[in-house]
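Note that the protein sequences, when read in sequence, are chains A and B.
Here this note's numbering is used: position 288 in the first sequence is 293, and no number is missing along the way.
Here this note's numbering is used: position 287 in the second sequence is 292, and no number is missing along the way.
Glycine included, C-beta positions come from ideal geometry on N, C-alpha and C.
Values in this document were obtained by computation on a predicted structure and should not be read as measured data.
Some notes on the structure that comes next.
There are 2 protein chains.
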Amino acid sequence: MTVTLQDIRDAAGRLEGVAHRTPVFRSRTLDGRVGARVFLKAENLQRGGAFKFRGAYHAVSRLSPEQLARGIVAYSSGNHAQAAALAARELGSTAVIVMPADSPAAKLDAVAGYGAEIVTYDRYTGDRAAIATRLAGERGLAIVPPYDHADIVAGQGTATLELLDQAGELDAIVVPVSGGGLIAGSAIAAKGLYPGIRVIGVEPEAADDTRRSLAAGHVVRIDQPHTIADGLAVPSPGELTFAINRELVDEIVVVSDDELRETMRFAVDRLKLVLEPSGAAGLAALLAGRIGRVPARVGVILSGGNVGAARLAQLLA
Amino acid sequence: MTVTLQDIRDAAGRLEGVAHRTPVFRSRTLDGRVGARVFLKAENLQRGGAFKFRGAYHAVSRLSPEQLARGIVAYSSGNHAQAAALAARELGSTAVIVMPADSPAAKLDAVAGYGAEIVTYDRYTGDRAAIATRLAGERGLAIVPPYDHADIVAGQGTATLELLDQAGELDAIVVPVSGGGLIAGSAIAAKGLYPGIRVIGVEPEAADDTRRSLAAGHVVRIDQPHTIADGLAVPSPGELTFAINRELVDEIVVVSDDELRETMRFAVDRLKLVLEPSGAAGLAALLAGRIGRVPARVGVILSGGNVGAARLAQLLA
């Protein structure tokens, strides 16, 4: 395995005192509905509003002093943009973030607020990876990828390492799946500690690229998915993450957009927590009965909360 | 003083392992905007969704075994209803809750879900206190009042006792004010530990009965207030709570409904927390600049989060 439990422990050491040790919440109502003891790891309360800060900070922290002086570049319209910008600032580096020109003002403002330079492109005609590669070449910047990198995977795995420290042994963990970095790191941490634990991934129905890829035995690319879970709408898993996940992930289940909305309402009503649609995916799989036999003690990563008040109002209405 | 720091410590002992030790959140964005270090005590994450469980559980826990066997009665359209119902169930007693017939279904369901018997009355023609008193007489039930009782005050004070344990010494605490139980208990805890601490209460502009009462030097009754902060819309402070607060509260400031809405949006966007309008009052006073000179280290009680997804959507839109 290219990433080990020890790598995740090392990453946790680098993140100590920098990333939040996010709380784990319980809900008697939830336990009653699911018929299990559920442990909710609130990464929506992580710095930058999502687990993404863990991987981004870890990756940036492993750059050389010379590289930190030159700066980093990342491309993302979502949580990785904020995470990379914040990580660069925390480590005394500078960040260029390549974002669609029509990104919501709140996201552009958040990234700018972390001191990053924003380079915009046309979502329909531009190629953000090409732009980032060109910037990296011209300015000597280090590309910080969103998921397909061992340092990112190790950083994301610290969320589950922490959860297992807080909750104790679990029978299963339920994790949203986008490019696969969070579940890859989570699976390495979880199975490294408890080989018998079940690792269950959750994708939107329309964005089931990892489910299809695992079924096919190789990386499958689907059409650009349409789902309210923008953070999970990737067309294919990463190469590294897929290689890890085909070994360690037991099952991928899917949830509908309506189930995501219903789960966001549940989070507001019962947990008093704001989840973005992607961040609700793991809990949605439990509440919607998408997981066949739920074992006694289940952990869920609530992966993010960057939805914004106006959009939240729309989704709850 | 009818309630002492030791009473609050005793209450904390009774609540240990029953009430949540709610987290204290920090936000660099918030600190930057306020120009102080702000410690947010997240009582919206308390059992029952508000600090009210502390006082209700403490009061019920001090009833005799005979009284617990006969049961309790409480009247409230808000968080105290859920808190009293939950407290009775936790202590093996039974609860009758007197609620307006037109209460939102979500609130009726929540109270019923805690196993309480609900007695409804007409909000415009009925007298809930009279109904509760009659039920208490007929059935031998103990009335659990929402704020004007030493056991309630001591229980509510545990929120601030905990906050000061978690955050360390503070220069000021900012607390929403309804009937005055939370701020009375908070003031006793805070000044008992740190005599120099400033205790600042916050009321809606339209529900400034405690501010007026403190200015007048006696309990003043105002017209039934109209504000989105339904939990703070009482026409007058309690007798006991007023007697405590006139000794210990340094200042009452007011916030507008628009400032409450803006603060609820801030909580969603930056904290990923759901606050009900009343629960946002303390933070609103800071964000809106209603507190003249903000000292270096300030604690705020985020007192509750029972707003419901549909209503939250309306208020955020």
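Leaving out five residues before and five after B:D255 in sequence, what residues of the same chain have Cβ atoms less than 7 Å from its Cβ?
R203, V204 and I205
Cβ contact check for the stretch 131-143 of chain B and the stretch 89-104 of chain B: 3 or more pairs under 8 Å
yes
A:M269 bridges to which residues according to DSSP?
Paired residue(s): none; A:M269 is not in a bridge.
Quick check on A:T165: does DSSP put it in helix, strand or coil?
A:T165 falls in the helix class under three-state DSSP.
Could you name the residues of the stretch 30-60 of chain A whose beta carbon sits closer than 7 Å to any beta carbon of chain B, in the order they occur along the chain?
N49, L50 and G54
On the criterion of 16 or more Cβ atoms from any shown chain inside 10 Å, does A:P282 qualify as buried, or is it exposed?
buried
The beta strand (DSSP E) with B:L45 in it runs from where to where?
Note, B:L45: beta strand (DSSP E), R42 to A47.
Report buried or exposed for A:S214, applying the criterion of at least 16 other Cβ atoms within 10 angstroms of its Cβ.
First, the amino acid is wrong: residue 214 of chain A is Asp here, not Ser. A:D214 counts as buried, since no fewer than 16 other beta carbons sit within 10 angstroms of its beta carbon.
Just verifying my parser: in three-state terms, what is the DSSP assignment at A:I68?
Correcting the residue type first, residue 68 of chain A is Leu in the shown sequence and not Ile. Coil at A:L68, not helix or strand.
Do three or more CB pairs link the stretch 42-61 of chain A to the stretch 157-176 of chain A at distances below 8 Å?
Three or more Cβ pairs closer than 8 Å define a contact, and the stretch 42-61 of chain A meets that threshold against the stretch 157-176 of chain A.
If we ignore side chains and look at the alpha-carbon of each, how far apart do A:L50 and A:R226 end up?
32 Å
How many angstroms separate the CA atom of A:A93 from the CA atom of A:N84?
14 Å
Note down, in chain order, every chain B residue with its Cβ under 7 Å from the Cβ of A:K277.
N49, L50, G54, L278, V279 and G310
Quick test of your reading: B:I233 and B:D262, contact by CB under 8 Å. State the CB separation rounded to the nearest angstrom.
5 Å
Let me check one thing: in DSSP terms, what residues is A:A79 bridge-paired to?
Answer by DSSP bridge pairing, in chain order: A:I102.
Does any residue of chain B have a CB that is nearer than 9 Å to the CB of A:A220?
no
Other residues of its chain near A:A212: CB distance less than 6 Å, five sequence neighbours each side excluded
Around A:A212: P230, T232, L237 and A238.
Counting only C-beta atoms, is B:P282 closer than 9 Å to chain A at any point?
No, B:P282 lies away from the interface with chain A (no Cβ there is under 9 Å from its Cβ).
Once the 5 residues before and after B:I306 are set aside, which same chain residues still bring their CB inside 8 Å of it?
K46, E48, F56, A164, T165, L168, I178, V179, V180, P181, L187, S191 and G287
Can you tell me whether B:A117 is buried or exposed? The criterion is at least 16 other CB atoms within 10 Å of its CB, across all chains shown.
exposed
What is the rounded straight-line gap between the Cα of B:E208 and the Cα of B:D235?
B:E208 and B:D235: Cα-Cα distance of roughly 11 Å.
Looking at the C-beta of B:L321, does it have a partner C-beta in chain A at a distance below 9 Å?
Output row for B:L321: interface = yes.
With DSSP collapsed to three states, give me the class of B:V303.
strand
Could you give the distance in angstroms between the alpha-carbon of B:A172 and the alpha-carbon of B:V29?
8 Å
Can you tell me whether A:D156 is buried or exposed? The criterion is at least 16 other CB atoms within 10 Å of its CB, across all chains shown.
Counting Cβ neighbours within 10 Å, A:D156 comes out buried, since at least 16 surround it.
Could you list which residues in chain B have their beta carbon closer than 7 Å to that of A:R94, in chain order?
Those do not exist, as A:R94 stays about 11 Å from chain B at its closest Cβ, beyond 7 Å.
Under the three-state reduction of DSSP, which class applies to A:R128: helix, strand or coil?
Note: A:R128 maps to coil in three-state DSSP.
Residue range of the beta strand (DSSP E) that includes B:R203
R203 to P209
Please confirm if A:P109 has its CB atom under 9 Å from at least one CB of chain B.
A:P109 does not count as touching chain B.
List the residues of chain B whose Cβ lies closer than 7 Å to the Cβ of A:V273, in chain order.
V279, A314 and L317
Under the rule that 16 or more other beta-carbon atoms within 10 Å means buried, what is B:T34, buried or exposed?
exposed
Taking all protein chains shown into account, do 16 or more other C-beta atoms lie within 10 angstroms of the C-beta of A:T99, making it buried, or fewer, making it exposed?
Counting C-beta atoms within 10 angstroms of its own C-beta, A:T99 has 16 or more neighbours from the protein chains shown and is therefore classed as buried.
Contacting positions in the stretch 18-30 of chain A - beta carbon closer than 8 Å to chain B:
Going along the stretch 18-30 of chain A in chain order, one finds P28 and F30 with a Cβ nearer than 8 Å to chain B.
Quick one: does B:G97 have its CB under 9 Å from some CB of chain A?
no
Which whole-angstrom value is the C-beta distance of A:G184 and A:G243, which I expect to be below 8 Å?
5 Å
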